[in-house]
Amino acid sequence: MIDKAVNKSVQAIRRKGLSRARARSKASSWREEDTLGSRLVDTGVVILPTRGCSWARKSGCTMCGYIYDAGDLGDTELAQLFKDAVSSLGPVEYLKIFTSGSFFDSREVSDELLQSIVQTVNDAGVEQLQVESRPEYVKAGGLSKIVDMLNAQLEVGIGLETSSDLVREKCVNKGFSFADYEKSVKICNSKEVLVKTYLLLKPPFMLEREAISDAVKSALDAEQAGSAKISINPMNIQNGTLVELLWKRGEYRPPWLWSLANVLLQLREKGIKIPVLSHPTAGGKKRGTHNCGKCDSTVLSAIQEFSKTQDPSVLAKLDCICKRHWQDYLLLE
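Each position in the sequence shown, counted from 1, maps to that position plus 27 in this note's numbering.
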């Protein structure tokens with residue numbers, strides 16, 4: 028599921044970016060609020076500088092620049108960084124670990140490091156742990172091993188981006204199919220592991236109205252496949268990516284906040300039963316999802332409130348003069 032022309036362009040940009048990148052040697056961590064079921068809980072986030080995504084090292088996605096933040100530390104150093112980060116967070120009920128790649132890829136997280144991480148998580152007494160992985164690394168045996176060691180509920184985030192194989196191949200260069208995703212969800216569900224599906228709002232080479240329809244359909248397809256939660260990620264322009272090149276040429280605009288709100292509203296109207304969240308990176312900024320500037324903070328706050336409560340009324344009542352410009356944009360682009 029790879030478009031040769033897109034893949035070649037991504038590879039050229041990636042080689043140039045990696046030649047300039049500096050290996051990270053520190054973990055990042057912070058506290059935030061997120062939902063577990065219907066509860067709003069204290070949540071910890073840890074970004075661990077592993078070697079980064081194996082797919083990004085040989086090709087990569089059109090919009091992702093996280094590989095440039097990868098590290099080259101050994102297991103002992105990474106284990107200590109993680110322990111220190113978790114300790115600095117204090118008590119949290121929900122813990123998210125981001126390696127900017129795949130937690131189940133042994134080239135990123137070795138068995139030794141994984142066991143150390145699980146022990147630290149157990150010692151912290153968290154209720155739920157989220158990690159991330161590409162579908163090809165989700166194996167029944169590996170999941171069983173972690174589930175048996177872990178005292179918390181395990182949740183696996185998978186970056187599906189879209190349920191359309193055509194869009195994922197031509198616009199995202201993701202390197203796997205929807206069938207691969209479905210297989211990984213089935214494996215997770217068989218081990219009572221929750222799946223959180225990430226969807227991308229407005230991949231490159233798509234009209235805004237096409238992107239809205241694609242995000243709505245993809246969320247419904249992911250629910251049907253067995254995902255427990257959906258996260259809609261509107262495009263943000265990351266350094267050293269094909270999307271950044273298009274953006275600098277004036278050939279791409281990040282999605283409107285109105286488009287994101289519309290997707291969330293449509294999904295509620297269509298009766299989706301699982302939680303749908305969105306925490307836009309660079310929201311309200313020129314490199315992220317934005318409107319006219321005057322209403323951005325209000326709309327972002329409403330999206331944050333919706334993500335916590337799933338109440339569509341907080342989005343339905345929003346308005347601004349630029350909403351009419353957005354509607355014209357959808358018709359005339």
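We put the beta carbon where it would ideally sit given N, CA and C, even for glycine.
Open item on the list: According to DSSP, simplified to helix, strand and coil, what is Q157?
Closed with: Stepping through the sequence shown from its first residue, residue 157 is reached at position 130. Q157 falls in the strand class under three-state DSSP.
Task: Cβ contact check for the stretch 105–124 and the stretch 55–69: 3 or more pairs under 8 angstroms - done: yes
Task: Reduced DSSP secondary structure (H/G/I, E/B, other) of D346 - done: Sequence index remark: in the sequence shown, residue 346 carries index 319 (1-based). In the structure shown, D346 sits in coil (DSSP, three-state: anything other than H, G, I, E or B).
Task: Inter-residue CB distance, R51 and G87 (contact presumed, cutoff 8 angstroms) - done: By 1-based counting over the sequence shown, the position of residue 51 is 24. By 1-based counting over the sequence shown, the position of residue 87 is 60. Incorrect: roughly 17 angstroms between the Cβ atoms, too far for contact.
Task: Nearest-angstrom Cα separation, counted from Y356 out to L177 - done: Against the sequence shown, residue 177 aligns to sequence position 150. Against the sequence shown, residue 356 aligns to sequence position 329. Cα to Cα, the separation comes out at about 49 angstroms.
Task: Whether L284 touches L234 by CB criterion (8 angstroms) - done: The count along the sequence shown starts at 1 and reaches residue 284 at position 257. The count along the sequence shown starts at 1 and reaches residue 234 at position 207. No, the Cβ-Cβ distance between L284 and L234 is not below 8 angstroms.
TODO: In angstroms with no decimal places, state the Cα-to-Cα distance between Q38 and S258.
DONE: If you number the sequence shown from 1, residue 38 lands on position 11. If you number the sequence shown from 1, residue 258 lands on position 231. Each residue's Cα considered, the two are about 27 angstroms apart.
Open item on the list: Please identify the residue among D346, Q155, K223 whose C-alpha is closest to the C-alpha of I301.
Closed with: Stepping through the sequence shown from its first residue, residue 301 is reached at position 274. Ranking the options by Cα distance to I301, first place goes to K223.
TODO: Could you tell me which of V183, L63, F203 sits nearest to W82, measuring between CA atoms?
DONE: As a working mapping, residue 82 is identified with position 55 in the sequence shown. When only C-alpha atoms are compared, the closest one is F203.
Task: Local conformation of Q265 per DSSP, three classes - done: The residue labelled residue 265 in the question sits at position 238 within the sequence shown. Three-state DSSP puts Q265 in coil, outside helix and strand.
Task: Cβ-based burial, R78 [other Cβ within 10 Å; buried from 16] - done: Working through the sequence shown from its first residue, we reach residue 78 at position 51. Flag for R78 reads buried.
TODO: From the DSSP output, read off the bridge partner residues of D61.
DONE: Position 34 of the sequence shown, counted from the first residue, corresponds to residue 61. For D61, which the question treats as bridged, DSSP gives the partners V68.
Open item on the list: Can you tell me where the beta strand (DSSP E) holding Q180 begins and where it ends?
Closed with: For the purposes of this step, residue 180 is taken as residue 153 along the sequence shown, with counting starting at 1. Q180 -> beta strand (DSSP E) spans 180–188.
- [ ] Evaluate L170 with the Cβ neighbour count: other Cβ atoms within 10 Å of its Cβ, from every protein chain shown; 16 or more gives buried, anything less gives exposed.
- [x] Locating residue 170 in the sequence shown gives position 143, counting from the first residue. It counts as buried.
Open item on the list: Taking its Cβ as the centre, do 16 or more other Cβ atoms sit within 10 Å of H317, making it buried, or is it exposed?
Closed with: The count along the sequence shown starts at 1 and reaches residue 317 at position 290. Answer is buried; the Cβ neighbour count reaches 16.
Open item on the list: Strictly by DSSP, which residues pair up with T224?
Closed with: The residue labelled residue 224 in the question sits at position 197 within the sequence shown. Answer is I185, I257.
Open item on the list: Cutting at 6 angstroms between CB atoms, please list the residues of its own chain near T189, excluding the five before and the five after it.
Closed with: By one-based count along the sequence shown, residue 189 stands at place 162. These residues qualify, in order along the chain: R195, D241, S245.
Task: Selected residue, minimal CA-CA separation from L287, among H306, E278, D30 - done: Within the sequence shown, numbered from 1, the residue matching residue 287 stands at position 260. The shortest C-alpha separation from L287 is found at H306.
Task: Beta-bridge partners of L105, as assigned by DSSP - done: Along the sequence shown, read from residue 1 onward, the residue named residue 105 stands at position 78. BP columns for L105 are empty, so no partner.
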